[in-house]
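Numbering (UniProt numbering), first residue to last: 1 to 317.
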(Lines of atoms letter the chains of each structure in order from A and count residues from 1; the text may use other names and numbers.)
(Lines give C-alpha, C1' and ligand atoms only; values in the text may rest on other atoms or scores of the structure.)
Protein backbone atom coordinates (compact mmCIF):
# COMPACT_ATOMS: atom_id res chain seq x y z
CA UNK A 1 0.00 0.00 0.00
CA UNK A 2 1.40 3.32 -0.99
CA UNK A 3 1.39 5.56 2.05
CA UNK A 4 1.86 9.32 2.18
CA UNK A 5 4.11 10.57 4.97
CA UNK A 6 4.96 14.07 6.11
CA UNK A 7 7.17 14.73 9.11
CA UNK A 8 5.42 18.05 9.83
CA UNK A 9 2.69 16.29 11.76
CA UNK A 10 4.69 13.55 13.47
CA UNK A 11 3.73 12.73 17.09
CA UNK A 12 0.59 14.79 16.86
CA UNK A 13 -0.78 16.29 20.07
CA UNK A 14 -3.94 17.79 18.69
CA UNK A 15 -6.50 19.87 20.48
CA UNK A 16 -10.00 19.95 19.07
CA UNK A 17 -10.64 22.83 16.67
CA UNK A 18 -13.81 24.72 17.41
CA UNK A 19 -16.81 23.68 15.35
CA UNK A 20 -18.49 26.57 13.56
CA UNK A 21 -21.48 28.04 15.35
CA UNK A 22 -24.69 27.72 13.38
CA UNK A 23 -28.28 28.41 14.22
CA UNK A 24 -30.29 25.23 13.79
CA UNK A 25 -33.72 25.24 12.18
CA UNK A 26 -36.71 23.94 14.06
CA UNK A 27 -38.61 21.01 12.55
CA UNK A 28 -41.97 19.42 13.07
CA UNK A 29 -42.04 16.15 15.05
CA UNK A 30 -41.46 12.89 13.25
CA UNK A 31 -44.56 11.48 11.58
CA UNK A 32 -46.39 8.78 13.48
CA UNK A 33 -47.03 5.34 12.07
CA UNK A 34 -50.64 6.26 11.30
CA UNK A 35 -49.68 9.10 8.95
CA UNK A 36 -50.34 8.48 5.25
CA UNK A 37 -47.32 8.59 2.97
CA UNK A 38 -47.94 10.76 -0.07
CA UNK A 39 -45.97 11.53 -3.19
CA UNK A 40 -43.66 14.52 -3.12
CA UNK A 41 -45.23 17.72 -4.40
CA UNK A 42 -42.92 18.14 -7.39
CA UNK A 43 -44.10 15.02 -9.28
CA UNK A 44 -41.54 15.80 -11.95
CA UNK A 45 -41.20 12.15 -12.96
CA UNK A 46 -44.21 9.90 -13.50
CA UNK A 47 -43.90 6.34 -12.24
CA UNK A 48 -45.44 5.08 -15.49
CA UNK A 49 -42.51 6.58 -17.42
CA UNK A 50 -39.99 4.36 -15.65
CA UNK A 51 -38.78 1.05 -17.04
CA UNK A 52 -36.97 -1.56 -14.97
CA UNK A 53 -33.48 -2.51 -16.14
CA UNK A 54 -32.27 -4.91 -13.44
CA UNK A 55 -32.20 -5.58 -9.71
CA UNK A 56 -29.53 -3.68 -7.77
CA UNK A 57 -30.12 -5.30 -4.40
CA UNK A 58 -32.48 -6.88 -1.89
CA UNK A 59 -33.15 -5.98 1.71
CA UNK A 60 -35.54 -6.79 4.53
CA UNK A 61 -37.63 -3.78 3.53
CA UNK A 62 -37.91 -4.48 -0.19
CA UNK A 63 -36.01 -4.40 -3.48
CA UNK A 64 -33.94 -1.75 -5.24
CA UNK A 65 -34.09 -1.65 -9.06
CA UNK A 66 -32.08 0.16 -11.67
CA UNK A 67 -34.66 1.95 -13.83
CA UNK A 68 -34.57 4.07 -16.95
CA UNK A 69 -36.80 6.99 -17.97
CA UNK A 70 -38.51 5.97 -21.22
CA UNK A 71 -38.26 9.42 -22.80
CA UNK A 72 -34.96 10.83 -21.57
CA UNK A 73 -33.08 7.53 -20.95
CA UNK A 74 -31.95 8.98 -17.61
CA UNK A 75 -31.02 6.30 -15.07
CA UNK A 76 -32.31 6.12 -11.50
CA UNK A 77 -32.52 3.71 -8.57
CA UNK A 78 -36.06 2.77 -7.50
CA UNK A 79 -36.57 1.39 -4.02
CA UNK A 80 -39.81 -0.58 -3.81
CA UNK A 81 -40.93 -1.15 -0.23
CA UNK A 82 -42.88 -4.25 0.74
CA UNK A 83 -46.63 -3.77 1.16
CA UNK A 84 -47.00 -6.14 4.14
CA UNK A 85 -44.88 -4.13 6.55
CA UNK A 86 -45.32 -4.37 10.30
CA UNK A 87 -45.88 -1.21 12.34
CA UNK A 88 -42.16 -0.80 13.12
CA UNK A 89 -41.17 -1.02 9.46
CA UNK A 90 -43.95 1.38 8.51
CA UNK A 91 -42.70 3.88 11.09
CA UNK A 92 -39.15 3.55 9.74
CA UNK A 93 -40.47 4.20 6.22
CA UNK A 94 -42.31 7.32 7.35
CA UNK A 95 -39.19 8.56 9.09
CA UNK A 96 -37.05 7.88 6.01
CA UNK A 97 -39.42 9.67 3.63
CA UNK A 98 -39.63 12.66 5.98
CA UNK A 99 -35.84 12.96 6.01
CA UNK A 100 -35.55 12.43 2.25
CA UNK A 101 -37.97 15.30 1.64
CA UNK A 102 -35.93 17.48 3.98
CA UNK A 103 -32.33 16.97 2.87
CA UNK A 104 -30.63 18.55 -0.14
CA UNK A 105 -26.86 18.08 -0.26
CA UNK A 106 -24.33 16.92 -2.89
CA UNK A 107 -23.05 14.51 -0.22
CA UNK A 108 -26.40 12.78 0.36
CA UNK A 109 -28.07 10.56 -2.26
CA UNK A 110 -30.85 12.62 -3.83
CA UNK A 111 -34.49 11.59 -3.66
CA UNK A 112 -36.31 12.59 -6.86
CA UNK A 113 -39.82 11.45 -5.96
CA UNK A 114 -41.93 9.24 -3.71
CA UNK A 115 -44.88 7.25 -5.04
CA UNK A 116 -47.64 5.44 -3.19
CA UNK A 117 -50.21 3.03 -4.63
CA UNK A 118 -53.66 2.53 -3.10
CA UNK A 119 -52.49 -0.93 -2.03
CA UNK A 120 -50.00 0.72 0.32
CA UNK A 121 -46.91 -0.05 -1.76
CA UNK A 122 -44.41 2.79 -1.56
CA UNK A 123 -41.60 3.42 -4.07
CA UNK A 124 -38.76 5.90 -3.65
CA UNK A 125 -37.01 7.20 -6.76
CA UNK A 126 -33.36 7.89 -5.95
CA UNK A 127 -30.22 9.12 -7.61
CA UNK A 128 -28.35 6.24 -9.29
CA UNK A 129 -24.77 5.66 -8.10
CA UNK A 130 -23.18 3.46 -10.71
CA UNK A 131 -20.30 1.98 -8.65
CA UNK A 132 -22.50 0.72 -5.83
CA UNK A 133 -21.54 0.71 -2.16
CA UNK A 134 -18.17 1.08 -0.48
CA UNK A 135 -18.34 -2.66 0.25
CA UNK A 136 -16.99 -3.13 -3.27
CA UNK A 137 -13.66 -1.64 -2.11
CA UNK A 138 -13.12 -4.40 0.45
CA UNK A 139 -9.99 -6.31 -0.47
CA UNK A 140 -8.65 -3.58 -2.76
CA UNK A 141 -5.54 -1.53 -2.05
CA UNK A 142 -6.75 1.89 -0.95
CA UNK A 143 -4.08 4.60 -0.73
CA UNK A 144 -4.20 7.30 1.89
CA UNK A 145 -5.07 10.04 -0.58
CA UNK A 146 -7.97 7.92 -1.87
CA UNK A 147 -9.19 7.31 1.67
CA UNK A 148 -8.96 11.04 2.40
CA UNK A 149 -11.11 11.81 -0.66
CA UNK A 150 -13.78 9.37 0.55
CA UNK A 151 -13.59 10.52 4.18
CA UNK A 152 -13.87 14.20 3.29
CA UNK A 153 -17.10 13.66 1.35
CA UNK A 154 -18.72 11.47 4.01
CA UNK A 155 -17.80 13.99 6.71
CA UNK A 156 -19.29 16.83 4.69
CA UNK A 157 -22.48 14.80 4.46
CA UNK A 158 -22.47 14.08 8.20
CA UNK A 159 -21.71 17.71 9.02
CA UNK A 160 -24.69 18.74 6.89
CA UNK A 161 -27.02 16.17 8.50
CA UNK A 162 -25.90 16.97 12.04
CA UNK A 163 -26.42 20.65 11.31
CA UNK A 164 -30.05 19.79 10.55
CA UNK A 165 -30.26 17.81 13.82
CA UNK A 166 -30.39 14.52 11.92
CA UNK A 167 -28.46 11.56 13.35
CA UNK A 168 -28.01 8.75 10.80
CA UNK A 169 -27.43 5.83 13.22
CA UNK A 170 -26.36 3.33 10.55
CA UNK A 171 -23.17 4.56 8.88
CA UNK A 172 -21.38 1.56 7.36
CA UNK A 173 -19.87 0.60 3.97
CA UNK A 174 -23.22 -0.70 2.66
CA UNK A 175 -24.89 2.69 3.23
CA UNK A 176 -22.25 4.79 1.48
CA UNK A 177 -22.58 4.87 -2.31
CA UNK A 178 -20.10 5.97 -4.97
CA UNK A 179 -20.12 6.73 -8.67
CA UNK A 180 -17.63 6.91 -11.53
CA UNK A 181 -17.14 10.66 -10.89
CA UNK A 182 -15.43 9.71 -7.59
CA UNK A 183 -18.38 11.06 -5.63
CA UNK A 184 -19.35 9.38 -2.35
CA UNK A 185 -22.78 9.97 -0.81
CA UNK A 186 -24.68 8.90 2.29
CA UNK A 187 -27.77 6.75 1.76
CA UNK A 188 -30.43 4.80 3.67
CA UNK A 189 -32.20 6.80 6.37
CA UNK A 190 -34.48 4.00 7.54
CA UNK A 191 -33.19 4.12 11.12
CA UNK A 192 -32.18 7.77 11.19
CA UNK A 193 -33.78 10.28 13.52
CA UNK A 194 -34.46 14.00 13.63
CA UNK A 195 -33.50 15.27 17.06
CA UNK A 196 -36.51 17.54 17.56
CA UNK A 197 -35.70 18.56 21.11
CA UNK A 198 -32.26 19.53 22.35
CA UNK A 199 -32.41 16.88 25.10
CA UNK A 200 -33.51 14.03 22.81
CA UNK A 201 -31.37 10.92 23.17
CA UNK A 202 -30.60 8.36 20.51
CA UNK A 203 -29.28 5.41 22.48
CA UNK A 204 -31.84 2.87 21.29
CA UNK A 205 -30.58 -0.42 19.86
CA UNK A 206 -31.15 0.58 16.26
CA UNK A 207 -28.94 0.10 13.22
CA UNK A 208 -26.23 -2.46 12.47
CA UNK A 209 -24.74 -3.49 15.81
CA UNK A 210 -21.25 -4.20 14.41
CA UNK A 211 -20.77 -0.48 13.76
CA UNK A 212 -22.44 0.80 16.93
CA UNK A 213 -20.47 2.97 19.32
CA UNK A 214 -19.81 1.68 22.87
CA UNK A 215 -22.37 4.03 24.44
CA UNK A 216 -25.08 2.87 22.03
CA UNK A 217 -24.18 -0.81 22.22
CA UNK A 218 -24.47 -0.83 26.03
CA UNK A 219 -26.18 2.37 27.12
CA UNK A 220 -26.73 1.02 30.65
CA UNK A 221 -23.03 0.44 31.37
CA UNK A 222 -21.82 2.03 34.59
CA UNK A 223 -19.32 4.27 32.81
CA UNK A 224 -21.89 5.69 30.35
CA UNK A 225 -22.94 9.07 31.73
CA UNK A 226 -26.03 11.10 30.90
CA UNK A 227 -23.72 13.45 28.99
CA UNK A 228 -22.53 10.49 26.88
CA UNK A 229 -26.12 9.50 26.12
CA UNK A 230 -27.00 13.06 25.12
CA UNK A 231 -24.05 13.31 22.71
CA UNK A 232 -26.06 11.58 20.00
CA UNK A 233 -24.00 12.62 16.97
CA UNK A 234 -20.81 11.05 18.34
CA UNK A 235 -22.22 7.61 17.52
CA UNK A 236 -22.15 8.46 13.81
CA UNK A 237 -18.47 9.43 14.14
CA UNK A 238 -17.56 6.07 15.70
CA UNK A 239 -19.35 4.26 12.86
CA UNK A 240 -17.62 6.49 10.32
CA UNK A 241 -14.21 5.78 11.85
CA UNK A 242 -14.79 2.01 11.78
CA UNK A 243 -15.95 2.24 8.17
CA UNK A 244 -12.88 4.20 7.04
CA UNK A 245 -10.58 1.77 8.86
CA UNK A 246 -12.36 -1.19 7.27
CA UNK A 247 -11.86 0.28 3.80
CA UNK A 248 -8.18 0.81 4.58
CA UNK A 249 -7.37 -2.65 5.98
CA UNK A 250 -9.84 -4.64 3.86
CA UNK A 251 -11.76 -6.34 6.66
CA UNK A 252 -13.92 -5.48 9.69
CA UNK A 253 -11.32 -4.06 12.08
CA UNK A 254 -12.82 -5.01 15.46
CA UNK A 255 -12.70 -8.79 15.02
CA UNK A 256 -10.08 -11.30 13.96
CA UNK A 257 -10.85 -13.22 10.79
CA UNK A 258 -11.64 -16.38 12.78
CA UNK A 259 -14.09 -14.66 15.15
CA UNK A 260 -17.80 -15.08 14.58
CA UNK A 261 -19.66 -11.73 14.44
CA UNK A 262 -22.29 -12.74 17.01
CA UNK A 263 -23.75 -10.32 19.54
CA UNK A 264 -21.65 -11.43 22.53
CA UNK A 265 -18.37 -11.30 20.60
CA UNK A 266 -19.20 -7.87 19.21
CA UNK A 267 -20.18 -6.53 22.63
CA UNK A 268 -16.87 -7.64 24.12
CA UNK A 269 -14.95 -6.12 21.21
CA UNK A 270 -16.83 -2.81 21.18
CA UNK A 271 -17.39 -2.21 24.89
CA UNK A 272 -14.52 -4.06 26.59
CA UNK A 273 -11.75 -4.23 24.01
CA UNK A 274 -9.26 -1.58 22.98
CA UNK A 275 -10.27 0.82 20.22
CA UNK A 276 -8.88 -0.32 16.86
CA UNK A 277 -5.93 1.55 15.43
CA UNK A 278 -4.63 2.27 11.96
CA UNK A 279 -1.81 -0.09 10.88
CA UNK A 280 1.68 0.80 12.04
CA UNK A 281 2.88 1.48 8.49
CA UNK A 282 0.33 4.28 8.05
CA UNK A 283 1.26 7.95 8.31
CA UNK A 284 1.08 9.67 11.68
CA UNK A 285 -1.68 11.91 10.31
CA UNK A 286 -3.88 8.93 9.44
CA UNK A 287 -3.20 7.23 12.78
CA UNK A 288 -4.27 10.40 14.55
CA UNK A 289 -7.36 10.77 12.34
CA UNK A 290 -8.56 7.25 13.17
CA UNK A 291 -7.86 7.83 16.86
CA UNK A 292 -9.95 11.03 16.85
CA UNK A 293 -12.91 9.02 15.51
CA UNK A 294 -12.62 5.91 17.69
CA UNK A 295 -12.22 7.23 21.22
CA UNK A 296 -14.38 5.34 23.69
CA UNK A 297 -15.71 8.48 25.41
CA UNK A 298 -18.19 10.28 23.11
CA UNK A 299 -17.12 13.66 24.46
CA UNK A 300 -13.55 12.99 23.32
CA UNK A 301 -14.46 12.12 19.73
CA UNK A 302 -14.10 14.89 17.22
CA UNK A 303 -17.21 16.17 15.48
CA UNK A 304 -17.64 15.96 11.72
CA UNK A 305 -16.84 19.66 11.36
CA UNK A 306 -13.70 19.33 13.48
CA UNK A 307 -12.51 16.27 11.54
CA UNK A 308 -12.78 18.23 8.29
CA UNK A 309 -9.97 20.41 9.68
CA UNK A 310 -7.76 17.48 10.72
CA UNK A 311 -4.22 17.48 9.24
CA UNK A 312 -4.87 14.14 7.49
CA UNK A 313 -7.53 15.78 5.31
CA UNK A 314 -5.88 19.19 5.03
CA UNK A 315 -2.60 17.78 3.69
CA UNK A 316 -4.46 15.79 1.02
CA UNK A 317 -6.21 18.83 -0.52
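Yeah, the Cβ is synthetic: ideal placement off N, Cα and C, and Gly gets one too.
- [ ] Throw me the rounded Cβ distance for the residue 175 and residue 131 pair, which I believe falls under 8 angstroms.
- [x] To locate residue 175, count along the chain shown from 1; it is residue 175. To locate residue 131, count along the chain shown from 1; it is residue 131. Between residue 175 and residue 131, the beta carbon gap of about 15 angstroms keeps them out of contact (Cβ cut-off 8 angstroms).
TODO: Go ahead and pull the three-state DSSP assignment for residue 300.
DONE: For the purposes of this step, residue 300 is identified with residue 300 of the chain shown, where counting begins at 1. Three-state result, residue 300: helix.
Task: Residues bridged to residue 126 (per DSSP) - done: Counting from 1 along the chain shown, the entry for residue 126 is found at position 126. DSSP, once it has assigned bridges, lists 77 and 111 as partnering residue 126.
Task: Bounding residues of the alpha helix (DSSP H) (the contiguous stretch that carries residue 288) - done: Within the chain shown, the letter at position 288 stands for residue 288. Note, residue 288: alpha helix (DSSP H), 284–293.
Task: Residues bridged to residue 52 (per DSSP) - done: Here residue 52 corresponds to residue number 52 of the chain shown, with the count starting at 1. Bridge pairing for residue 52: 67 [DSSP].
TODO: Tell whether a beta-carbon distance below 8 angstroms holds between residue 55 and residue 68.
DONE: Position 55 of the chain shown, counted from the start, is the residue given in the question as residue 55. Position 68 of the chain shown, counted from the start, is the residue given in the question as residue 68. Using a Cβ distance threshold of 8 angstroms, residue 55 and residue 68 do not count as a contacting pair.
Task: Exposure label - residue 231; buried when at least 16 CB within 10 Å - done: By 1-based counting over the chain shown, the position of residue 231 is 231. Residue 231 comes out buried.
Open item on the list: Would residue 141 and residue 184 be called neighbours here (beta carbons separated by less than 8 angstroms)?
Closed with: Here the question's residue 141 lines up with position 141 in the chain shown. Here the question's residue 184 lines up with position 184 in the chain shown. It is not a contact, given that the beta carbons lie outside the stated cut-off.
- [ ] Could you name the residues that DSSP lists as bridge partners for residue 185?
- [x] By 1-based counting over the chain shown, the position of residue 185 is 185. Residue 185 is bridged to 177.
Task: Cβ pair residue 99, residue 173 closer than 8 angstroms - done: As a position in the chain shown, residue 99 is number 99, starting the count at 1. As a position in the chain shown, residue 173 is number 173, starting the count at 1. No, the pair does not count as a contact, with Cβ atoms beyond the cut-off.
- [ ] Could you check the C-alpha separation between residue 324 and residue 273 for me, to the nearest Å?
- [x] Because the chain is modelled from 1 through 317, residue 324 falls outside the range shown and cannot be assessed.
- [ ] Tell me whether the beta-carbon of residue 292 lies closer than 8 angstroms to the beta-carbon of residue 310.
- [x] On the chain shown, position 292 is the one that residue 292 refers to. On the chain shown, position 310 is the one that residue 310 refers to. Between residue 292 and residue 310, the C-beta spacing is below 8 angstroms.
Open item on the list: One question on the structure: do residue 182 and residue 286 come within less than 8 angstroms of each other, judged by their Cβ atoms?
Closed with: Translated into the one-based positions of the chain shown, residue 182 becomes position 182. Translated into the one-based positions of the chain shown, residue 286 becomes position 286. Against a cut-off of 8 angstroms, the Cβ pair of residue 286 and residue 182 comes out as no contact.
TODO: Report the rounded CA-to-CA distance for residue 276 versus residue 260, giving the unit in angstroms.
DONE: Here residue 276 is taken as the residue at index 276 of the chain shown, counted from 1. Here residue 260 is taken as the residue at index 260 of the chain shown, counted from 1. As the crow flies, the alpha-carbon of residue 276 is around 17 angstroms from that of residue 260.
Task: Of the residues 303, 94 and 152, the one placed nearest residue 124, counting alpha carbons only - done: Locating residue 124 in the chain shown gives position 124, where the first residue counts as 1. Residue 94 holds the alpha-carbon nearest to the alpha-carbon of residue 124 among 303, 94 and 152.
Task: DSSP three-state assignment for residue 280, whether helix, strand or coil - done: Translated into the one-based positions of the chain shown, residue 280 becomes position 280. In this structure, DSSP gives residue 280 a state outside helix and strand, which the three-state scheme calls coil.
Task: Residues near residue 265 by beta carbon distance below 8 angstroms, same chain, minus five either side - done: On the chain shown, position 265 is the one that residue 265 refers to. Here residue 265 has 255 and 259 as same chain residues with Cβ atoms under 8 angstroms from its own Cβ, once five neighbours each way along the sequence are excluded.
Open item on the list: Could you compute how far the alpha carbon of residue 166 sits from the alpha carbon of residue 234?
Closed with: Position 166 of the chain shown, counted from the start, is the residue given in the question as residue 166. Position 234 of the chain shown, counted from the start, is the residue given in the question as residue 234. Distance between the alpha carbons of residue 166 and residue 234: 12 angstroms.
Open item on the list: Can you tell me whether residue 166 is helix, strand or coil according to DSSP?
Closed with: For the purposes of this step, residue 166 is taken as residue 166 along the chain shown, with counting starting at 1. In the structure shown, residue 166 adopts extended strand secondary structure according to DSSP, grouped into three states.
- [ ] Look at the alpha carbon of residue 244 and the alpha carbon of residue 263, and state the distance between them as a whole number of angstroms.
- [x] Counting from one through the chain shown, the residue named residue 244 turns up at place 244. Counting from one through the chain shown, the residue named residue 263 turns up at place 263. Pairing residue 244 with residue 263, the inter-Cα distance amounts to about 22 angstroms.
Open item on the list: Are the CB atoms of residue 65 and residue 105 within a distance shorter than 8 angstroms?
Closed with: Indexing the chain shown from 1 puts residue 105 at position 105. Indexing the chain shown from 1 puts residue 65 at position 65. For residue 105 and residue 65, no; Cβs fall outside 8 angstroms.
Task: Identity of the residues DSSP links to residue 116 by a beta bridge - done: To locate residue 116, count along the chain shown from 1; it is residue 116. Residue pairing by DSSP places residue 116 opposite 122 in a beta bridge.
Open item on the list: Quick check on the DSSP output: the alpha helix (DSSP H) that includes residue 249 runs from which residue to which?
Closed with: Within the chain shown, the letter at position 249 stands for residue 249. First-last of the alpha helix (DSSP H) with residue 249: 234–249.
Open item on the list: Considering only the alpha carbon of each residue, which of 116, 115 and 107 lies closest to residue 158?
Closed with: Numbered from its first residue, the chain shown carries residue 158 at position 158. Of the listed residues, the one whose Cα sits closest to residue 158 is 107.
TODO: Specify the secondary structure class of residue 133 as computed by DSSP and reduced to three states.
DONE: Counting from one through the chain shown, the residue named residue 133 turns up at place 133. Strand at residue 133.
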